[in-house]
C-alpha cells in the first residue's frame, strides 16, 4: 500500500479541506479497533497508527512540506480557489505567509472514518485550512518554475472537501463538508466530522520516532516542526497543531475509493478566496492489480491460470472474459473457491484471454484488470509405414509380413502433419528381444528393423513412433512386422525331471503352440533331415522318424541331467540355417540330511529332528520310524520327540520308487539336581550378610537361582538378600531373624529353563531378649518396673529406684569400677560406654529379661536367675573384668523377644558413663532414635520414636523419586519419652519408601520395602 502525506494548516480560525482517493474495502464502523486516533489536539497518538500494519488500518499517508523557503515550498498561484475546476488550478514554487505555511500533514483510513492532521508555523490572523480527498487522481504537475503550472487528473462526483474555520481560541468544532457534484460544491450534512487544535492544552511536542530511518517509520520524510514564535524546535505552542476526522458511517452509498489527497490553506474565510500553501500526495485505497501467471498447453490438456492479490490486504481476485464489463466467472466456470486459480478444459486450439481484478468487497473498491493468456497448441499427426518390397508385404492396415527367406530387414518411415512445424521423432520397439535389432534417425523419422536370430523370433514385433512438434505436443502411431520363416519351429516335449535308472522315456518333436498334454507331434517335412543326439546321464535307445511323428526313446543313468538335441537340416542349400533344439532333462535322486535339537530338560519330550530334503521332483513324502508316509516340505521338523534313535525315510512324491533313509539320535541333558549344605554354626540372630552354600549338577549351564524362607522364617524376620550361582556353586546370602527353625528353599534354573529345588534348615543363636532401650522406654513410658509393686519388678526383685550396687551387695569404691555409688537400676540401664558401663545396662536388661521371659537364653554355665545375678556381681568385684560377660549379655539382648512389643535395638543408648560427666548428670546420645517395622511392610507401618532431646519434631514419608507422600507426625517430643505412631499405607503407595525423622537440626532416615 502506498502512503502520501498531505499538508495541513491550522490557525486561529482554520478551515480543513481533505481530498483523498481510496480504493480499498471499507471496514465496518462498529469493529473494535486496537489502534486509533483521539481528536483532542494531542499529536502523541499518531506515530503508533502511522507505523502500524494492522488490518483495520486501510490506508495511511504522511508528508513534510518545506516551511517559508523561497522557490522550494509549493503554493497556489493565479487566484486558484476551491470552487474552480481542476483545469483552473495553478501552482508555483514560492513562499507562503506564516499563518498559512504548512509544515506537516498526515491521514489514515480506519473503518469508514478518515483521520487527518496538519500544522502551521504561526498565529497572526484568521485563516482557513481544508482537506480534499479525490477519486480522479488530481495532483500538481510540472516543475513549478512559473505561476502557470497546472494540475493533472479530473474532478469526480463524490470528491470530498472538509473546511474548518477557526479563530483564536482553539478547542474542538465541526467542520463544513463539501461534496463535488458536477461543477459545484454542495454541503453534505450527513457526513459527520470533528476537528480540534491544541488550544487550552499544555504545550504539545512532535512525537518521538518519526524521522526517516527510525524503527517502524514507513515514510521517507521526517516529521519536524519549528514554530515562528512561542517555542523551540519540536514544540507546538497553542494552537499550531490541528487534527480531525470525517466519518462516512451515515453515508452508506458514499464512495471511499480515493486515490489522492490535498491539504490547503488561505488567509480568508471565504470559499471563493484565493488559496495559499498546499501539500498533495497519494492516499491510495484502490487495490493493486493482481499478479498473474498464464499457461501454455497442448490440445486436450487443461489450461491452469493463476492470480494473486497478496499485495492488497482484504482483497480477492475476480475473473472476467472481457477487459471491461462482462459477467464475473464462478466456480462453475472452473474457478477455484478462493478465486486464485482458473482451470479450463476442452478449449480449442488458439489463444484464450481472461482478465483479473483485485476486489475489496468491504469498501467495494476494485483494481484495474490484468490480462491472463492461456495458449492451446494444436496436436500434430503422424503415419508410420513399412516400405514394401519383395520381402515386405502389407497384409492389413499398419501390419506387414517379413519373409525371412528373402531378406531379414524392413525399412520403416514416419510422416508428420499438423501441429507446429519443427518435428523430432522417437521410435520404440515395444517388446525388444535378443533375436532382433532396431535403430532410427530422430531427425528424419526413418527406422530399420533387422532379424538377427531366426531361431528365437517372436510371432510379431510392434514399433511405436512418437512425433514431437516445436511446442512439445505429441502424436503417435504403431506399425507391426510379422517375421515368417520356412524353417521349422523346433520343440521337444517329454517327462522332465526324471528319476535315476528309468527306461522307456519318450521325447517327441511337437508343436510349441499346443499347451495341453498329450502334445501334438509335428509331422515330418521331407525338405529336412532330423537327427537326435544326447549328452549327459542318459542314452538314446531308439530314434523314430515317420510321416506323422518324430521322437526318441531314452534311458536315464546317474543323477544329474541329460540333454537331447534335435538337429533339423535343410536338404537343399538356402538362406534358412541349420535348426537345432535342445531339451535338458534333470535326472534326480532324492537325498536327506538330518539334524536335531536335544530335549531341553531331562525326561521331557520336546526334542526335534530337522530334515533337509533335496533332489527328486521337489515334492516329498516322509516317514519316521516306519510310520505311514505323509507330505512334507523342505526343510521339515519332526517335533515332540523324547531322547532316542530315529530313522527318517523320504521319497519323491511323483515317483515313489525314489527313496532314501537316514538315522539320528536325539539327545538330552543330564538330570538337573542341587544340594544345599547346612552351615557348621548358626548365624547370630538378627545378623545380616550370612551365607549358606550348595552345589548344582546336570542340566545346561549357566545357572540362576532364587531362594525363599518358609512362612515361619518370613514371620520371624528371616530375609533372603541374594542368591547366585558361580560355576556349579550356590551361594545364598540372608539376614537371620529371631530364633526359630526355618526351611530355606532354593530353586535352580538352567540355561534351558529347566528347574530343580533343594532345601536346607537354618537356625540362629543369641538374642531373644529385650534391649536396654526397650526397658528404658518401658520404665519412662509404661511404668512396668518403676514401682516395687509392678509385676516385673516383683519378679526381678528390684525396681527402677533400687540401688544398683546395693542390689549386688557391692560396698567398696574399687568394686564400683568408676560408676557412681548412688547409681540406681533405672540409671544403670541408660548408661553408655563399654566394659563395666556396658555390663551395667545389659546386666539390668538381662535380669529383667530373665525374670519376665521364660525362654530368655542364659550365658553358658549359668542356669538360673540367681546365678546370673552372682555372675554380674563377680565381674565388678573381681577387678572390673566386665567386658566378656557384657558382650554375651549384649548378644542375648540384641533382638526383641515377642513380648517386647516392637521396640528395637535402635533405642540402645551410648552416652558417657554416669558420674563421668563433670556436672554429675547422666547424658544420653541416641544411636538411632526411630525404628520402623515391619520391614518389609504390609498394609501398615509402625514407628517407635524415643528422642534424645526435647523439641519440635516431624516424621515424613517420601517415595524413591523424592516426592513427599505423607506427613505422619508434626509436633513436640520429650527427651527419652517413647512415642508410638502408625501409618496405613494406601495401595497406590506400596513401593519402596524413605522415612525421615527431623528433630531440631538433626535427622534420621531409613528405607522401607514393600512385602510380597
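Numbering (the working numbering), first residue to last: 2 to 1013.
Cβ atoms here follow ideal geometry from the backbone N, Cα and C, with glycine treated the same way.
Contact belief for residue i with residue j at Cβ below 8 Å, rounded distance in angstroms
i           : j           : result
residue 66  : residue 96  : Rounded, the Cβ-Cβ distance is 12 Å, inconsistent with contact.
residue 244 : residue 197 : 6 Å
residue 884 : residue 835 : 7 Å
residue 562 : residue 542 : Not quite, the Cβ-Cβ distance comes to about 18 Å (not below 8 Å), so this is no contact.
residue 854 : residue 863 : Rounded, the Cβ-Cβ distance is 15 Å, inconsistent with contact.
residue 248 : residue 113 : 7 Å
residue 290 : residue 366 : The Cβ separation is near 13 Å, so there is no contact.
residue 741 : residue 708 : 17 Å between Cβ atoms; not a contact.
Enclosing beta strand (DSSP E) for residue i [first to last residue]
i           : result
residue 598 : 592-598
residue 657 : 656-667
residue 980 : 979-985
residue 607 : Here residue 607 belongs to no beta strand (DSSP E), and DSSP marks it neither H nor E.
residue 186 : 185-188
residue 956 : 952-960
Counted within 10 angstroms of its Cβ, other Cβ atoms place residue i as buried (16 or more) or exposed
i            : result
residue 705  : exposed
residue 944  : buried
residue 697  : buried
residue 993  : exposed
residue 383  : buried
residue 548  : exposed
residue 242  : buried
residue 621  : buried
residue 162  : buried
residue 964  : exposed
residue 824  : buried
residue 1018 : Limits of the chain in this structure are 2 at one end and 1013 at the other, which puts residue 1018 out of reach.
residue 789  : exposed
residue 730  : exposed
residue 752  : exposed
residue 153  : exposed
residue 728  : exposed
Length of the line joining the Cα atoms of residue i and residue j
i            : j           : result
residue 955  : residue 683 : 40 Å
residue 353  : residue 300 : 13 Å
residue 175  : residue 128 : 16 Å
residue 435  : residue 452 : 9 Å
residue 981  : residue 743 : 30 Å
residue 1008 : residue 988 : 18 Å
residue 949  : residue 930 : 7 Å
residue 296  : residue 423 : 21 Å
residue 583  : residue 530 : 16 Å
residue 360  : residue 50  : 25 Å
residue 844  : residue 691 : 28 Å
residue 344  : residue 470 : 24 Å
residue 605  : residue 629 : 25 Å
residue 466  : residue 330 : 41 Å
residue 999  : residue 933 : 15 Å
residue 860  : residue 890 : 7 Å
residue 315  : residue 420 : 44 Å
Span of the alpha helix (DSSP H), counted from its first residue to its last, around residue i
i           : result
residue 68  : Per DSSP, residue 68 belongs to no alpha helix (DSSP H) and is neither H nor E.
residue 742 : Unbroken run through residue 742: none, as it is neither H nor E.
residue 866 : 866-878
residue 853 : 837-853
residue 828 : 826-829
Contacting residues, own chain, Cβ-Cβ under 7 Å from residue i (five flanking each side not counted)
i            : result
residue 414  : 386, 388, 446, 447
residue 1036 : Examination of residue 1036 is not possible in this model, given that the chain is present from 2 through 1013 alone.
residue 190  : none
Residues near residue i in its chain [Cβ-Cβ closer than 6 Å; skip 5 each side]
i           : result
residue 611 : 596, 636, 638
residue 777 : 830, 831
residue 616 : 589, 590, 591, 592
residue 37  : 111
residue 818 : 837, 877, 881
residue 535 : 541, 563, 565
residue 155 : 137
Contacts around residue i, its chain only, beta-carbon distance under 8 Å, and the 5 residues preceding and following it disregarded
i           : result
residue 810 : 874
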